[in-house]
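Trainee: Residues in the sequence shown are numbered consecutively from 249, following the working numbering.
The structure's right below; bear with me while I get my questions together.
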Amino acid sequence: MSDLPPPFARLRAALGSLKLRVALGVVLALVVGIGATTLLLVRQAERDTLALVRERELGEAVRAAQGLSRRVVALQRALALASSQFDPAVLGDEAALGRLLLGQPLLGELFNMVFVADTGGQVRMAIGARGLMQPPLRLSDRDYFTRALRERRAVISGAVPSRLDGAPTLLFAQPLLHGGAVYGMLVGGINLAQRELLVPTVDTDVAGDVLRVVTDADGLILAHPNRSLVMASLATEPRLAGALERWRAVGSPVEPAGLMLAERGEVVAVGGVAGPDWLVWRAVDEAGLLEPLHAARRQALGWAAVLVAACGLATLAGLWWVLRPLRRLTDRAEHLFDPHNDPAQGWPEAGGEIGSLAAVLRRVGTERARLEQANASLLGKLGSVMGNAPVGIAFTRAQRFELVSAEFCRLLGRREEELLGQRSVMIYDSAADYAALGPKVRAAFAAGEPYVGDVPMRRGDGTRFWAHLRGRPVDPGDDEAGTIWTVTDVSEQVATRARLEWSAHHDALTGLANRQRLEQRLQRVLDGLPGTLPAALVMVDLDRFKPINDGAGHAAGDAMLCAVADVLRARIRTRDLAVRLGGDEFALVLEHCPPEAAVQLAEDVRAALAGIALPWDGRQLQLSASLGVASLHPQIAGVAHWLRVADEACYEAKAAGRNCVRAAPLPRAPLLVLRA
Numbered sequence: 249m250s251d252l253p254p255p256f257a258r259l260r261a262a263l264g265s266l267k268l269r270v271a272l273g274v275v276l277a278l279v280v281g282i283g284a285t286t287l288l289l290v291r292q293a294e295r296d297t298l299a300l301v302r303e304r305e306l307g308e309a310v311r312a313a314q315g316l317s318r319r320v321v322a323l324q325r326a327l328a329l330a331s332s333q334f335d336p337a338v339l340g341d342e343a344a345l346g347r348l349l350l351g352q353p354l355l356g357e358l359f360n361m362v363f364v365a366d367t368g369g370q371v372r373m374a375i376g377a378r379g380l381m382q383p384p385l386r387l388s389d390r391d392y393f394t395r396a397l398r399e400r401r402a403v404i405s406g407a408v409p410s411r412l413d414g415a416p417t418l419l420f421a422q423p424l425l426h427g428g429a430v431y432g433m434l435v436g437g438i439n440l441a442q443r444e445l446l447v448p449t450v451d452t453d454v455a456g457d458v459l460r461v462v463t464d465a466d467g468l469i470l471a472h473p474n475r476s477l478v479m480a481s482l483a484t485e486p487r488l489a490g491a492l493e494r495w496r497a498v499g500s501p502v503e504p505a506g507l508m509l510a511e512r513g514e515v516v517a518v519g520g521v522a523g524p525d526w527l528v529w530r531a532v533d534e535a536g537l538l539e540p541l542h543a544a545r546r547q548a549l550g551w552a553a554v555l556v557a558a559c560g561l562a563t564l565a566g567l568w569w570v571l572r573p574l575r576r577l578t579d580r581a582e583h584l585f586d587p588h589n590d591p592a593q594g595w596p597e598a599g600g601e602i603g604s605l606a607a608v609l610r611r612v613g614t615e616r617a618r619l620e621q622a623n624a625s626l627l628g629k630l631g632s633v634m635g636n637a638p639v640g641i642a643f644t645r646a647q648r649f650e651l652v653s654a655e656f657c658r659l660l661g662r663r664e665e666e667l668l669g670q671r672s673v674m675i676y677d678s679a680a681d682y683a684a685l686g687p688k689v690r691a692a693f694a695a696g697e698p699y700v701g702d703v704p705m706r707r708g709d710g711t712r713f714w715a716h717l718r719g720r721p722v723d724p725g726d727d728e729a730g731t732i733w734t735v736t737d738v739s740e741q742v743a744t745r746a747r748l749e750w751s752a753h754h755d756a757l758t759g760l761a762n763r764q765r766l767e768q769r770l771q772r773v774l775d776g777l778p779g780t781l782p783a784a785l786v787m788v789d790l791d792r793f794k795p796i797n798d799g800a801g802h803a804a805g806d807a808m809l810c811a812v813a814d815v816l817r818a819r820i821r822t823r824d825l826a827v828r829l830g831g832d833e834f835a836l837v838l839e840h841c842p843p844e845a846a847v848q849l850a851e852d853v854r855a856a857l858a859g860i861a862l863p864w865d866g867r868q869l870q871l872s873a874s875l876g877v878a879s880l881h882p883q884i885a886g887v888a889h890w891l892r893v894a895d896e897a898c899y900e901a902k903a904a905g906r907n908c909v910r911a912a913p914l915p916r917a918p919l920l921v922l923r924a
């Protein structure tokens, strides 16, 4: 941290000040409290406002739909009333028909175009803004016309393009009846692109950006502020496209009681128009509705920031005044452990928590001085013990040396300063030995016992020795308290044990394994079945060894036995075992060796033994050997049985003239794995 540039170092020191931290805490609390309160209040106001707007818009949509429904009924009644003045005779008289249409000024005000057609769909006469006309129009292919004829009732078309000028038009068809039969059709047309017939029915003075649209039950626009969208799908209106999808998802209801539809950023209400099954859509922009609240929130947060800044400065000034004694206390505490200062002098006089802290630190300084004196005396005594102890003593904590005795340093061939602070792994023969020791030590300590064991260690000069290690935790309940270790050199004892163990399983003359080791190995092979298959036992009996022993002496016989042992060791694998059974008898244990390979190896051994020429007193001593091979098979019932089978094969080799190899016959049955 000392490497930081001066500006950053000063900033870090300032941030470490208790006064600044408390002031920042107060400021943060004010920011969180005022900010959270402001935000919560504004959020609640937004929710309340939106709820009121939704309720109002739903009511407006329903009222607009009801008004539009009444308007449609009025238009239909006007046509029905006018239709009562027609009769079949008038329909065939063009002059009378023209006079009758000119005598209907109310229809001229309500509709852009009024025309009369016969039952075949041929328009007989029409009246519009340009007066009477006889357009060559036929309505028989219009759905609304055929429905009105078939059902003999008034029918309203959807928005269709006019056949006169192509403008989007809404048509009201009223059948002309005489004696219960339809003899003609009175039709009123409203040009949706020119006349604001439907829009005033849904127009209401509402603050904010309000969109009012009328559609039919299929979502086709009948009225829109942008008249170019008339007859287009409501999906083309970005503000209502999502609401249209949700309306269709709930089954496209035409609900006179109205319903609310979710739309991101909009409050959307829909009212169903009874009769023609139209829909009045109202959409209000949420952002416009909530802008006054957002402005109020910004203003409130601005005033809150000013208030927080003022409170923070006031808090900082107050803390600076109150905590002045704390600075003096800090200066004195920095010299608490200075041996040249009196631990009871120099502390500031103050009340409250600072005074209590000063008193505590004064007592700490006084008590520490007393403990240092006691520790110095104790360390002197401990140093005397460590320097004269006849065994190596070490104290470790966190796997590092903290205290070592003179005898410990002598055993390790290292100076005290080379060990202190270093990891304890450095004194062990290998890292693997050290790693293997850890679980054993932990297990002993967990059982409430000290760890005792012999481990290989390495001195500073690289020489290796065996150490008797004993360890006990300082505090069994605290792993951080450390461990006391004692070390003695037991290399002589370990070497003696190793020699005794080796002698118990090896022939002293040849160094080969003895009979006890052979029987142990054979039992291990049998116990490991079937994983140890195939395996073979080879018995080796030297030919004409007695003449060498008798004629050249026992020394020559011993030399010949050692030469035989060398041949056996040279011919087998490291996993195999060469054995001297006693006298001139030897054996080989071949693991994972098929019968054919065992016989071939026995033949190689026989040839090598026959090739021995041992110089002795000016002559060369030679011998041969008879070998019997017994491969493991299901009828082998145990170690003794296996040895007997191999001996019998060896006897057959002797009987066959010596210096040859014979293998015990294998059973014909499939091989079954049997355990001894």
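Beta carbons are placed, not taken as given, at the ideal position from N, Cα and C, and that holds for glycine.
Please confirm whether Ala-491 and Val-518 have their CB atoms less than 9 Å apart.
Mentor: Walking along the sequence shown from the start, residue 491 turns up at place 243. Walking along the sequence shown from the start, residue 518 turns up at place 270. Result yes, Cβ atoms of Ala-491 and Val-518 sit closer than 9 Å.
Trainee: Tell me whether the beta-carbon of Glu-844 lies closer than 9 Å to the beta-carbon of Asp-824.
Mentor: Along the sequence shown, read from residue 1 onward, the residue named residue 844 stands at position 596. Along the sequence shown, read from residue 1 onward, the residue named residue 824 stands at position 576. Not in contact: Glu-844 and Asp-824 (Cβ atoms no closer than 9 Å).
Trainee: Provide the residue(s) that pair with Glu-511 in DSSP beta bridges, ordered along the chain.
Mentor: Mapped onto the sequence shown, residue 511 falls at position 263. DSSP, once it has assigned bridges, lists Glu-514 as partnering Glu-511.
Trainee: Out of Ile-860, Ala-326 and Leu-289, state which residue places its alpha-carbon closest to the alpha-carbon of Leu-541.
Mentor: The residue labelled residue 541 in the question sits at position 293 within the sequence shown. Among Ile-860, Ala-326 and Leu-289, the Cα nearest to that of Leu-541 belongs to Leu-289.
Trainee: Compute the Euclidean distance between the alpha carbons of Gly-613 and Pro-591, then round it to the nearest angstrom.
Mentor: As a working mapping, residue 613 is identified with position 365 in the sequence shown. As a working mapping, residue 591 is identified with position 343 in the sequence shown. So the two alpha carbons sit approximately 5 Å from each other.
Trainee: Report buried or exposed for Gln-324, applying the criterion of at least 16 other Cβ atoms within 10 angstroms of its Cβ.
Mentor: Here residue 324 is taken as the residue at index 76 of the sequence shown, counted from 1. Buried, since its Cβ has 16 or more Cβ neighbours within 10 Å.
Trainee: Let me make sure I understand the geometry here. Which of Gln-422, Phe-393, Ala-695 and Ala-402 has the alpha-carbon closest to that of Val-408?
Mentor: The residue given as residue 408 occupies position 160 in the sequence shown. Out of Gln-422, Phe-393, Ala-695 and Ala-402, Phe-393 has the C-alpha closest to the C-alpha of Val-408.
Trainee: For Gly-550, does the count of other Cβ atoms within 10 angstroms reach 16, so buried, or fall short, so exposed?
Mentor: In the sequence shown, residue 550 corresponds to position 302, counting from 1. So Gly-550 counts as exposed.
Trainee: Can you find the residues in the same chain that come closer than 7 Å, C-beta to C-beta, to Leu-919, ignoring five residues on each side of it along the sequence?
Mentor: Taking the first residue of the sequence shown as 1, we reach residue 919 at position 671. For Leu-919, the predicted model reports a pLDDT of 42, less than 50, meaning its position is unreliable; a value from the coordinates is still stated below. Closer than 7 Å at the Cβ level, and outside the excluded window around Leu-919, lie His-881 and Pro-882.
Trainee: Among the residues of its own chain, which have a CB less than 8 Å from the CB of Gln-422, if the five just before and after it don't count?
Mentor: On the sequence shown, position 174 is the one that residue 422 refers to. Excluding positions up to five away in sequence, the list reads Gln-324, Leu-327, Ala-328, Ala-330, Ser-331, Ala-396, Ala-402, Met-433, Leu-434, Val-435 and Gly-436.
Trainee: For the putative contact between Arg-909 and Ala-850, defined by C-beta atoms under 8 Å, what is the C-beta separation to the nearest angstrom?
Mentor: Position 661 of the sequence shown, counted from the first residue, corresponds to residue 909. Position 602 of the sequence shown, counted from the first residue, corresponds to residue 850. One detail in the question is off: residue 909 reads as Val in this sequence, not Arg. That pair is a contact at about 5 Å.
Trainee: Can you tell which of Ser-672, Ala-807, Trp-733 and Thr-367 has its C-alpha closest to the C-alpha of Pro-698?
Mentor: Translated into the one-based positions of the sequence shown, residue 698 becomes position 450. Considering only alpha carbons, the answer is Trp-733.
Trainee: Which residues does DSSP pair with Asn-439 in a beta bridge?
Mentor: If you number the sequence shown from 1, residue 439 lands on position 191. DSSP lists Thr-417 as partners of Asn-439.
Trainee: Helix, strand or coil for Gly-506? Go by DSSP, reduced to three states.
Mentor: Sequence index remark: in the sequence shown, residue 506 carries index 258 (1-based). Of the three classes helix, strand and coil, the one that applies to Gly-506 here is coil, per DSSP.
Trainee: Below 9 Å between beta carbons: does that hold for Ala-681 and Val-703?
Mentor: Translated into the one-based positions of the sequence shown, residue 681 becomes position 433. Translated into the one-based positions of the sequence shown, residue 703 becomes position 455. One detail in the question is off: residue 681 reads as Asp in this sequence, not Ala. The answer is yes: Cβ separation under 9 Å.
Trainee: Just to confirm the assignment, what range does the alpha helix (DSSP H) spanning Trp-495 have?
Mentor: Looking up residue 495 in the sequence shown gives position 247. Trp-495 -> alpha helix (DSSP H) spans 489-497.
Trainee: Which runs of the beta strand (DSSP E) at least 3 residues long sit entirely within the segment 372-409? Give them in chain order.
Mentor: Runs found: 379-381.
Trainee: Just the Cα atoms here: how many angstroms apart are Leu-387 and Ser-410?
Mentor: By 1-based counting over the sequence shown, the position of residue 387 is 139. By 1-based counting over the sequence shown, the position of residue 410 is 162. Going by the C-alpha atoms only, they are around 11 Å apart.
Trainee: Can you list the alpha helix (DSSP H) stretches of 4 or more residues lying completely in the segment 775-831, in chain order?
Mentor: Runs of the alpha helix (DSSP H) inside the segment 775-831: 793-800 and 802-819.
Trainee: Counting Cβ pairs, one atom from each stretch, are 3 or more of them under 8 Å apart for the segment 301-316 and the segment 561-571?
Mentor: No, the segment 301-316 does not touch the segment 561-571.
Trainee: Please state whether DSSP places Gln-670 in a helix, a strand or coil.
Mentor: Here the question's residue 670 lines up with position 422 in the sequence shown. Here Gln-670 sits in coil by DSSP.
Trainee: By Cβ distance, which residues of its chain are closer than 6 Å to Thr-731, with the 5 residues on each side in sequence left out?
Mentor: Sequence index remark: in the sequence shown, residue 731 carries index 483 (1-based). Cβ within range, chain order: Thr-644, Gly-719 and Pro-721.
Trainee: For Thr-286, which residues in the same chain have their Cβ closer than 8 Å to its Cβ, ignoring the five residues on either side in sequence?
Mentor: To locate residue 286, count along the sequence shown from 1; it is residue 38. Arg-545, Ala-548, Leu-549 and Ala-552, listed in sequence order.
Trainee: Using the C-alpha atoms, what's the distance from Ala-878 back to Pro-913?
Mentor: Taking the sequence shown and counting its residues from 1, the one referred to as residue 913 is at position 665. Taking the sequence shown and counting its residues from 1, the one referred to as residue 878 is at position 630. The straight-line gap from Cα to Cα measures roughly 8 Å.
Trainee: For Gly-640, which residues does DSSP report across the bridge?
Mentor: Reading the sequence shown from its first residue, position 392 is the one you call residue 640. Bridge partners of Gly-640: Val-735.
Trainee: By the DSSP assignment, the alpha helix (DSSP H) with Asp-681 in it spans what residues?
Mentor: What you label residue 681 is simply residue 433 of the sequence shown in a count that begins at 1. First-last of the alpha helix (DSSP H) with Asp-681: 679-694.
Trainee: Would you report the Cα separation of Ile-234 and Met-381, rounded to the nearest angstrom?
Mentor: This structure does not reach residue 234, given that the chain is present from 249 up to 924, and the question cannot be answered.
Trainee: Going by DSSP, what residue range makes up the alpha helix (DSSP H) through Leu-857?
Mentor: Counted from its first residue, the sequence shown places residue 857 at position 609. Here the alpha helix (DSSP H) through Leu-857 covers 843-858.
Trainee: Under a Cβ-count criterion, where at least 16 other Cβ atoms within 10 Å of its own Cβ denotes burial, should Pro-524 be classed as buried or exposed?
Mentor: Residue 524 sits at position 276 when you count from the first residue of the sequence shown. The residue is buried, with at least 16 neighbouring Cβ atoms inside 10 Å.
Trainee: Answer yes if the segment 704-714 comes into contact with the segment 661-681, meaning at least three C-beta pairs across the two stretches below 8 Å, and no otherwise.
Mentor: Touching, yes.
Trainee: DSSP three-state label for Ser-317, please.
Mentor: To locate residue 317, count along the sequence shown from 1; it is residue 69. The answer is helix: DSSP assigns Ser-317 an H, G or I state.
Trainee: Taking C-alpha atoms, which residue in Glu-896, Leu-278, Arg-400 and Cys-841 lies nearest to Leu-555?
Mentor: One-based indexing of the sequence shown puts residue 555 at position 307. The candidate whose alpha carbon is nearest that of Leu-555 is Leu-278.
Trainee: Leaving out five residues before and five after Gly-805 in sequence, what residues of the same chain have Cβ atoms less than 8 Å from its Cβ?
Mentor: Taking the first residue of the sequence shown as 1, we reach residue 805 at position 557. Excluding positions up to five away in sequence, the list reads Phe-793, Ile-796 and Asn-797.
Trainee: Could you tell me if Leu-875 is buried or exposed, where buried requires 16 or more neighbouring beta carbons within 10 angstroms of its beta carbon?
Mentor: Here residue 875 refers to the residue found at position 627 when the sequence shown is read from its first residue. Buried is the call here.
Trainee: Using CA atoms only, rank isn't needed, just tell me which of Leu-809, Gly-801 and Leu-770 is closest to Asp-789.
Mentor: Counting from 1 along the sequence shown, the entry for residue 789 is found at position 541. Here the closest residue by C-alpha is Leu-809.
Trainee: Would you report the Cα separation of Ala-683 and Gly-701, rounded to the nearest angstrom?
Mentor: Translated into the one-based positions of the sequence shown, residue 683 becomes position 435. Translated into the one-based positions of the sequence shown, residue 701 becomes position 453. Whole-angstrom Cα-Cα distance: 15 Å.
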